[in-house]
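K.L.:
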Amino acid sequence: MKAQQTPYQKNIVIFASGEGTNAKNIIQYFSNQNNIKVTHVLSNNIRAKVLKTAHDLKINALHFDRSAFYSTNEVLHVLQDVDPDLIVLAGFLWMMPENIIQEFPDKIINIHPALLPKYGGKGMYGDNVHKAVLENKEDETGISIHYVNEEYDEGKIIKQFPVKLDPADDLTSLKKKIKTLEHKHFPEVIEEILTKKQHG
Numbered sequence: 150m151k152a153q154q155t156p157y158q159k160n161i162v163i164f165a166s167g168e169g170t171n172a173k174n175i176i177q178y179f180s181n182q183n184n185i186k187v188t189h190v191l192s193n194n195i196r197a198k199v200l201k202t203a204h205d206l207k208i209n210a211l212h213f214d215r216s217a218f219y220s221t222n223e224v225l226h227v228l229q230d231v232d233p234d235l236i237v238l239a240g241f242l243w244m245m246p247e248n249i250i251q252e253f254p255d256k257i258i259n260i261h262p263a264l265l266p267k268y269g270g271k272g273m274y275g276d277n278v279h280k281a282v283l284e285n286k287e288d289e290t291g292i293s294i295h296y297v298n299e300e301y302d303e304g305k306i307i308k309q310f311p312v313k314l315d316p317a318d319d320l321t322s323l324k325k326k327i328k329t330l331e332h333k334h335f336p337e338v339i340e341e342i343l344t345k346k347q348h349g
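Offset between the sequence shown (1-based) and the numbering used here: plus 149.
(1) Cα-Cα, which of 219, 313, 252 is closest to residue 263?
(2) Cutting at 6 Å between CB atoms, please list the residues of its own chain near residue 210, excluding the five before and the five after it.
(3) Straight-line CA distance for residue 343 to residue 265?
(4) Using a Cβ-Cβ cut-off of 6 Å (strictly less than) and excluding sequence neighbours within five positions of residue 238, which residues of its own chain qualify?
(5) For the segment 224-241 and the segment 166-176, state whether three or more C-beta atom pairs, one from each stretch, are separated by less than 8 Å.
(6) Can you pull the DSSP bridge partners for residue 309?
(7) Does DSSP classify residue 235 as helix, strand or coil?
(8) The alpha helix (DSSP H) with residue 213 in it runs from where to where?
(9) What residue does the beta strand (DSSP E) around residue 248 start on, and which one ends it?
(10) Going straight from the alpha carbon of residue 168 to that of residue 231, what length do you get?
(11) Along the beta strand (DSSP E) that carries residue 265, what are the first and last residues, could you check?
(12) Could you check where the alpha helix (DSSP H) with residue 175 kicks off and where it finishes?
(13) When the Cα atoms are used, what is the spatial distance from residue 269 to residue 303?
(14) Is the distance from the Cβ of residue 337 to the Cβ of residue 292 below 8 Å?
(15) Please list, in chain order, all residues of the same chain as residue 271 whose beta carbon is under 6 Å from its beta carbon, the five residues on each side excluded.
(16) Whole angstroms is fine: what's the gap from residue 251's alpha carbon to residue 218's?
See the structure below:
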């Protein structure tokens, strides 16, 4: 009798540089699913809280330095061994090297805390983005989930989710609005991408 076939599992590798609230949210979102799993978290910051979070959640956690990322192929070789179906940048501040982008075409996505192409580019991350949005008295902002290419924040946009700004909004309230959008939509978009790949 033929053994019952298990569904093919899609594997995710997350890159993060800091606290890792998005990474934690994504790991927990997929923790009860059989067909999609976060297998590794990689960070360029040895003191990043995300490494401890991954360890606590029993996810492989690896730190790498600039040389392993840009000068040698160490990180590329790790990724080739893992062979992820999707590489997710969740608060990762370094630009992806060309060799990794070429090895994993249309398999690397990033989240940006503004409605691209507004407030994108080098140096536009975290509080820098939010402060610029507030200074320019924008009526709305939001998040953009996009594919990664060789330029900061210029890859093809997958989805955007806007949020209205109130005149009373400050840095704290704006960050909360953006984080709420990220936690709600980022895992859902990841799931959508991987489900399409499964059936595509």
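Yeah, the Cβ is synthetic: ideal placement off N, Cα and C, and Gly gets one too.
The structure displayed is predicted, hence computed values, not measured ones.
P.N.:
In brief:
(1) Ranking the options by Cα distance to residue 263, first place goes to 313.
(2) If we look at residue 210 and ignore the five residues flanking it on each side, its Cβ neighbours are 190, 200, 203, 204.
(3) Taking the CA atoms as reference points, residue 343 sits about 23 Å from residue 265.
(4) The beta carbon of residue 238 sits closer than 6 Å to those of 164, 259, all from its chain and outside the five residues before and after it, given in chain order.
(5) Touching, yes, given that three or more Cβ pairs across the two stretches are closer than 8 Å.
(6) 293.
(7) Residue state, collapsed to three classes: strand.
(8) Premise fails: residue 213 is in no alpha helix (DSSP H) and is neither H nor E.
(9) Run containing residue 248: none in the beta strand (DSSP E); it sits in the alpha helix (DSSP H), 247-252.
(10) The alpha-carbon atoms of residue 168 and residue 231 are separated by roughly 24 Å.
(11) Counting along the chain, residue 265 falls outside any beta strand (DSSP E), and DSSP gives it neither H nor E.
(12) For residue 175, the enclosing alpha helix (DSSP H) covers residues 170-179.
(13) In a straight line, the C-alpha of residue 269 is about 8 Å away from that of residue 303.
(14) With respect to the 8 Å criterion, residue 337 and residue 292 are not classified as neighbours on the basis of their beta carbons.
(15) The answer, listed in chain order, is 301.
(16) Each residue's alpha carbon lies about 14 Å from the other.
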